[in-house]
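Presented below is the structure to which this report refers.
In this note's numbering, the protein residues as written are 89 to 321.
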C-alpha cells in the first residue's frame, strides 16, 4: 500500500490460536475446543505487537468486528481486544455470527485428511482425482458453493461499511476473528476468485492477515502481501 492509499479501509483476518486438533491436523468445525496454553501465547504475542493505539490494528479505527461463535475464536477475540469493561472495542461494534464460522465439515468433523480420502475411496468417490475441499466440499457438511454464498453475503456487509470511507472519511477498518479454512476461503472470495482457484494459502494459528483495496476503489479489492508496521510510541 502506497502512502496515498494509507487511509483506505482494511479488513484484518485473525485466526484463533492453537488447539489440540490444530496440532494433530484434525478437521475442527463445530467441535468446541479451547485454546492450548501455547495457543494463548500465540494470540497474546500477536496482540502485543499488532493491536493498540498507533499499531497495525488500532481499535479507534475499527468500525466492526465479526467473530465466529466457537469458543476458540471467542477466546482469541478477548485476548486481542480485552473483554467486558476492559475491551478496547465498543461492544456495539462486535457481532458474533455464523457467517464467519469455520467451514461445515459434516461427516469429516474430527478426521484427518488421509482418513477422509480413504472413506471417500471406499464409497467409490474420487476415482479420477483426489478429494479437494475447495472443489468437492464435505459430505454432510457445506459444499464449496454454500461457503461461497455465505461469505459473499458477509463481504457485501463489509462493502456497505467501507464504501463511504474509501478516502479515510471515518474509521472503517473491519476485523474478522475466525478459523483457518474459512479465512482462506474469505480471501479467495474477497479477490472474486472461484473457491477452487488453485492458490496455496497458509495462515498460522494466532496469525493476522490484511486485505484492502487498490486506488481507494471498492471495485478493486486486494490482498496486502506486505506492509510497514507503525513505530511503537
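We put the CB at the ideal spot given by N, CA and C, even for glycine. Predicted, not measured: the structure shown is a model, and the values here were computed from it.
Query                                                                                                                                               : Result
For my contact list, residue 158 and residue 189 are in at a C-beta cut-off of 8 Å; report their separation, rounded to the angstrom.               : 7 Å
Let me know if residue 217 comes out buried or exposed under the rule of 16 or more other beta-carbons within 10 Å of its beta-carbon.              : exposed
Sorry if obvious, but does the Cβ on residue 135 come closer than 7 Å to a heavy atom of the ligand COA?                                            : Ligands are entirely absent from the displayed structure, and the ligand COA is therefore not among its contents.
Out of 140, 165, 138, which has the shortest C-alpha to C-alpha gap to residue 122?                                                                 : 165
For residue 171 and residue 141, I'd like the C-alpha separation in whole angstroms.                                                                : 17 Å
Just tell me which of 174, 98, 186 has its CA closest to the CA of residue 118.                                                                     : 186
Whose CA, out of 299, 263, 227, 184, lies closest to the CA of residue 148?                                                                         : 263
Residue 184 bridges to which residues according to DSSP?                                                                                            : 155
According to DSSP, simplified to helix, strand and coil, what is residue 133?                                                                       : helix
Hey, out of 200, 100, 223, whose CA is closest to residue 265's CA?                                                                                 : 100
Taking the Cβ atom as the reference point for each residue, do residue 114 and residue 198 lie within a distance shorter than 8 Å?                  : yes
Beta-carbon within less than 6 Å of residue 126's beta-carbon, same chain only, minus the 5 sequence neighbours each way: which residues are those? : 106
By the three-class DSSP mapping on this structure, what secondary structure does residue 92 have?                                                   : Bear in mind that the predicted position of residue 92 carries a pLDDT of just 48, short of 50, making it too unreliable to give a figure here.
When you compare only the Cα positions, how much space is there between residue 206 and residue 196?                                                : 11 Å
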